[in-house]
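Down below is the structure, laid out as structure tokens.
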Amino acid sequence: MILKIVKYPEPVLSQPGEPVTEFNDELRRLVADMFETTYANQGIGLAAPQVGVSKRVTTIDLSMGKDPKDRLVFINPEIVFSDGKVYEEEGCLSFPDIREKVVRAAKVRVRAQDEYGKWFEMDGEELMARCMQHEIDHLDGMLFLFRMSALKRNLNLRKIRKMQSAGEW
Ligand SMILES: [Zn+2]
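Numbered according to the numbering used here, the sequence shown spans residues 387 to 555.
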């Protein structure tokens, strides 16, 4: 099922997600729906708060649905190691039409559970590292708008307000 993606400033986006304690069919349904929703919106990653569910669940698929091996599920994820610094452009499905450069670590190691509760660790670099950090930020209620410089943040806030008053947001 394709879920509705909530946009900034929906309050759920700014709340830390609850840790997942039950690895049941309802959770796996949510994960499947999150992938379907990501593909329908041509995204590469999604966090549960973006579909209005305040839980520590995120899904990433850099192939955008082309390769089933690329479907990654991170539940209760934590960054256990990070290295380097890169300044690259990114976007967010909760901020349509906004792309901006933000600083991220170049490499990260994430520890997380899969949809059956099994713990694993995974290293990411380049786009994967950026996506992992962006999605894990969502689970802490942190949005990429607040990783931008104050100048860029204010410019984008103005753009959002303009789109809101034009009924385009
Ligand atoms: Zn996002």
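A virtual CB, placed ideally from N, CA and C, is assigned to each residue, including glycine.
One thing to note: residue 403 has its Cβ no nearer than 7 Å to the Cβ of residue 457. Within 6 Å of the C-beta of residue 478 there is at least one heavy atom belonging to ligand 1. A residue is called buried once 16 or more other Cβ atoms fall within 10 Å of its Cβ, and residue 449, having fewer, is exposed. Residue 425 sits in a helix when the DSSP states are folded into three classes.
One alpha carbon belongs to residue 554, the other to residue 425, and they sit about 22 Å apart.
Listed in chain order, the beta strand (DSSP E) runs fully inside the stretch 441-517 are 443-446, 458-469, 472-477, 485-490, 493-499, 505-511, counting runs of at least 3 residues.
Using a Cβ distance threshold of 7 Å, residue 427 and residue 389 do not count as a contacting pair. Remark: C-beta atoms of residue 406 and residue 461 approach each other more closely than 7 Å.
Comparing C-alpha distances from residue 515 to each of 483, 470, 539 shows the shortest one belongs to 470. Taking C-alpha positions only, residue 496 is separated from residue 468 by approximately 9 Å. Assignment of residue 408 by DSSP, reduced to helix, strand and coil, places it in the coil class. Contact annotation: the stretch 502-516 does not touch the stretch 532-551, with fewer than three C-beta pairs closer than 8 Å.
Cβ-Cβ distances below 8 Å link residue 401 to 435, 440, 527 in the same chain, with the five nearest sequence neighbours on each side left out; the list follows chain order. Taking C-beta separations shorter than 6 Å and ignoring five residues to either side along the sequence, the partners of residue 508 in its chain run 496, following chain order.
Separation of residue 399 and residue 472 (C-alpha to C-alpha, rounded to the nearest whole angstrom) is 25 Å.
In the same chain as residue 474, and ignoring 5 residues on each side of it, the C-beta atoms closer than 8 Å to its own belong to 487, 488, 490, 516, in chain order.
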